[in-house]
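Take 1 as the starting number for the sequence shown in the UniProt record's numbering and just add one per residue. Backbone N, C-alpha and C define an ideal beta-carbon position, used for all residues, glycine too.
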Amino acid sequence: MRGSRIKYENFRGMRAKCFWHIPPGWTIRPTILRFAHRESQPEDRGRVLMLGGTFPEVILRKAVASRAVRRLSGDPAGLAQILLLFRVVLVDGIIGARELEVFEGICLREFGIRSADLSQLHDVLESAKGQAAEKQLYVLLKQLDVSARYRLVGLMREIANACDDNQEQAVRLVFMTARLLGMEAEEA
């Protein structure tokens with residue numbers, strides 16, 4: 001199949017607005033996916049770092065999502081749970097190795113998302129569905145039944161116990177979330 005292979009030479013000088021997932025005004029380098037904005041701005045830097053890999057890898061990641069990630073993208077309550085669990089990981093602003101390891105284990109055990117699929121999960125969380133779930137986070141979580149709420153708080157506590165540096169902030173977030181979900185502090 002000759003025509004199915006992409007030749008990188010064809011991308012030189014091509015404007016980024018031809019691709020739906022690349023913002024206008026950004027350019028593509030053919031070998032490694034790196035974005036450069038005409039006027040380099042600090043807020044652009046965060047987006048650049050999240051998109052890694054060669055150009056075909058990013059396209060493949062966008063096109064082929066695992067079954068668990070596709071299932072989760074259609075479940076706003078599941079997205080809200082993942083977002084809340086990731087907030088516990090980021091509570092002190094630093095992602096520790098143990099915290100990330102526990103988070104990956106929870107994603108695999110509870111949601112069926114492997115660590116190799118976390119980049120796809122990030123894409124789903126950055127999509128419109130993920131943004132909508134973030135805006136309605138506590139409304140979606142209050143719709144869960146009581147056993148699911150207790151399970152979620154238990155998972156949050158598991159991540160909080162893995163925090164090395166600032167465990168107090170993580171524990172405080174767990175107790176505040178439990179109170180917002182209608183649980184007593186002793187029950188959480």
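Enclosing alpha helix (DSSP H) for residue i [first to last residue]
i      : result
ILE159 : 146-162
ARG114 : That residue, ARG114, is in no alpha helix (DSSP H); it is neither H nor E in DSSP.
ILE106 : 97-106
GLU168 : 167-180
VAL89  : 76-89
ARG71  : 67-73
GLU184 : First-last for GLU184: undefined, no H or E at that position.
GLU134 : 128-135
Cβ shell of residue i (< 6 Å), same chain only, five flanking positions each side left out
i      : result
ARG149 : LEU181
ALA162 : ARG98, GLU99 and VAL102
GLU168 : none
GLU134 : LEU83
Distance CB(residue i)-CB(residue j) smaller than 8 Å
i      : j      : result
VAL153 : VAL171 : no
ALA132 : PRO76  : yes
ALA80  : ASP117 : no
ILE95  : VAL89  : yes
Close Cβ partners of residue i (< 7 Å) along its chain, the five nearest in sequence each way excluded
i      : result
LEU85  : PHE103, ILE106, LEU155, MET156 and ILE159
TYR138 : LEU180
GLY112 : ALA68
LEU140 : PRO76, ALA77, ALA80 and ALA133
Residues of its chain near residue i, where Cβ-Cβ distance is below 8 Å and the 5 sequence neighbours each way are ignored
i      : result
VAL124 : ALA65, VAL69, LEU72, SER73, LEU79 and GLY130
SER115 : GLU104, CYS107 and LEU108
GLN143 : ALA77
GLN136 : PRO76 and ALA80
ASP92  : CYS163, ASP165, ASN166, GLN169 and ALA170
MET183 : ARG149, TYR150 and VAL153
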